[in-house]
Amino acid sequence: MEEKTEAAEVEARPLLAAIKTGYLPMSKKSRRSMVKPIYRGGCLCGAVRFEADGPALNPHNCSCEFCQRHTGSLTASWVEFSATDVRWVGSGGSPAVYRSSDFSSRAFCPECGSSLGAIDDSPTVALLIGTFDDHRLPELKPDYHSFKPEKPIWG
């Protein structure tokens, strides 16, 4: 009986040490699954490029007048990221912005004019899903539609 108890204590020591120190060793597979995905995209001419560290938040469609005017489309598809998780990495640097409301600025490429998204005063950057290199990812699929009354009747 004592041998089993002693063996169990020996096996439990690394786990107890991990709990005490706050460090729990993980397999390589577990560490990879905890890494945030990096989403990439940019404008039509390629001057303004972005990298956004996941998770992709609040994917949705919007048919408000601001989105319609910003994109030239009756419906815009957006996904949000924390502003600290978005980097502008292209040769053109950060996008140009137009202050469209009391709480947000619309972002676009100063070279080709492509709409890229909205940079909100709150720490959020909303990127247009069509600007992503891989816009077919399941986590980018819109979950809902805001401003439904303005939605096109055929959509």
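Residue 139, in our numbering, is where the sequence shown stops; the numbers in between run on with no holes. Beta carbons: idealized from backbone N, C-alpha and C, even for Gly. None of these values were measured; they are calculated from a predicted model.
Asked, Found
"If residue 109 and residue 67 are in contact, beta carbons under 8 angstroms, what's the gap, nearest whole angstrom?", "5 angstroms"
"What did DSSP end up calling residue 28 once you bin it into helix, strand or coil?", "coil"
"Taking residue 65 as part of the beta strand (DSSP E), name the residues at either end of that continuous run.", "60 to 66"
"Using 8 angstroms as the threshold, is the C-beta distance between residue 96 and residue 79 below it?", "no"
"Please confirm if the segment 100 to 117 is in contact with the segment 54 to 67, defined as three or more CB-CB distances below 8 angstroms between the two stretches.", "yes"
"With residue 116 and residue 56 assumed to form a contact (beta carbons below 8 angstroms), what rounded beta-carbon distance in angstroms separates them?", "Incorrect: roughly 18 angstroms between the Cβ atoms, too far for contact."
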